[in-house]
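Note that the numbering used here has the sequence shown beginning at 424, numbered continuously upward. In this text, a Cβ means the ideal position worked out from N, Cα and C, and glycines have one as well. The structure presented is a predicted model; accordingly, all values stated were derived computationally and were not measured. Report on the structure given below.
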Amino acid sequence: MTAQAKNFQFFKSPINKQQAIEIAKKFGSGGSVAWGDITGTLSDQEDLQNALNAKEDDTTTINDVFVGDGSTSQFSLTHAPILESLRVFLNGQLLIKGDSEGQDDYYLSSESSISLTNTPVVGEEITVIYNY
Numbered sequence: 424m425t426a427q428a429k430n431f432q433f434f435k436s437p438i439n440k441q442q443a444i445e446i447a448k449k450f451g452s453g454g455s456v457a458w459g460d461i462t463g464t465l466s467d468q469e470d471l472q473n474a475l476n477a478k479e480d481d482t483t484t485i486n487d488v489f490v491g492d493g494s495t496s497q498f499s500l501t502h503a504p505i506l507e508s509l510r511v512f513l514n515g516q517l518l519i520k521g522d523s524e525g526q527d528d529y530y531l532s533s534e535s536s537i538s539l540t541n542t543p544v545v546g547e548e549i550t551v552i553y554n555y
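So, in structure tokens, the structure goes:
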């Protein structure tokens, strides 16, 4: 059995989703089906699309919130963060990791523990947002 392409098109630029669906519709199911093949048009595959739509991201976002007691600058996080996602706030103000003078406002003191350069005073709120 020889496969034949029909209505084959070349594009000089990327195509959008709707164009891809229209091209897939033109091809149709075209012939007998062996085990594991998908029949019908792309728009008929609602179960697959629903499963893809329901898929969760591989990461979860965490908001760890601490209140300063004036005696510690080190705080244990719930999980080990993905470093690129880490954001630290003091009373709603974003702290800087490595500013122009080379001074860090915070650093990871272990895999899941963060330390602030300055000890927060009593009542100051430290919020750490990250993915893990």
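| Query | Result |
| --- | --- |
| Which listed residue (549, 482, 448, 484) has its alpha carbon closest to that of residue 515 | 549 |
| Inter-residue CB distance, residue 536 and residue 498 (contact presumed, cutoff 8 Å) | 7 Å |
| Rounded straight-line distance, which links the Cα of residue 487 to that of residue 542 | 17 Å |
| Where residue 497 falls: helix, strand or coil (DSSP) | strand |
| Outcome for residue 491 when other beta-carbon atoms lying within 10 angstroms are tallied against a minimum of 16 | buried |
| 8 Å Cβ cutoff met for residue 513 and residue 547 | yes |
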